[in-house]
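Remarks on the structure that follows.
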Amino acid sequence: MTAPRAHRAAPDHTHPDHVPLLTALSALADPVRLRLVRELDGCADWERTCGSFDVPVGKAALSHHFATLRAAGLVEQRDAGPKRLNRLRRAEFDARFPGLLDLALRPDPQQPA
């Protein structure tokens with residue numbers, strides 16, 4: 001008989017009001033994190049689980065990227081059973097950094113599609 005699995009701790013979230021501009025810019029500068037934010041921007045709140053993103057990194061690296069996005073006030077996460085659901089904190093982030101997400105998510109003509 002195996003012991004029941006311990007529930008993991010809820011993730012820490014930083015409110016965008018407490019995020020320095022450099023932290024926000026750094027979080028958005030990474031291509032994997034920018035892709036996560038772009039995909040979250042295109043879906044409803046709490047629709048996407050961490051494992052639903054097709055990104056070229058392993059599970060540990062993906063966890064690190066989400067932690068960075070949480071620390072930058074960009075993402076909020078909650079557990080639903082064994083899955084972790086995500087939402088982009090668009091309104092809160094836009095209130096702190098007006099126009100930054102629009103600029104970061106705008107297609108770059110210099111980058112291949």
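Residues in the sequence shown are numbered consecutively from 1, following UniProt numbering. Here a beta-carbon is modelled for each residue, glycine too, at the ideal position from N, C-alpha and C.
Straight-line gap, residue i to residue j (C-alpha atoms, nearest Å)
i	j	result
V37	R96	17 angstroms
R90	L74	7 angstroms
A27	H65	8 angstroms
H13	R78	10 angstroms
E92	H15	8 angstroms
P107	L100	13 angstroms
P98	A9	32 angstroms
P11	Q110	36 angstroms
L103	V55	22 angstroms
D45	G81	17 angstroms
G58	L69	17 angstroms
L25	R84	25 angstroms
For residue j and residue i, believed in contact at Cβ under 8 angstroms, the rounded distance
i	j	result
L105	D41	6 angstroms
T23	A67	The pair is not a contact, with the Cβ atoms about 13 angstroms apart (cut-off 8 angstroms).
F53	E39	6 angstroms
Three-way DSSP call (helix, strand, coil) for residue i in this model
i	result
A104	helix
H15	coil
| query | Could you give the uninterrupted runs of the alpha helix (DSSP H) lying entirely in the UniProt domain "HTH arsR-type" (23 to 102), keeping only those of 4 residues or more? | reply | 31 to 41, 59 to 71 and 90 to 96
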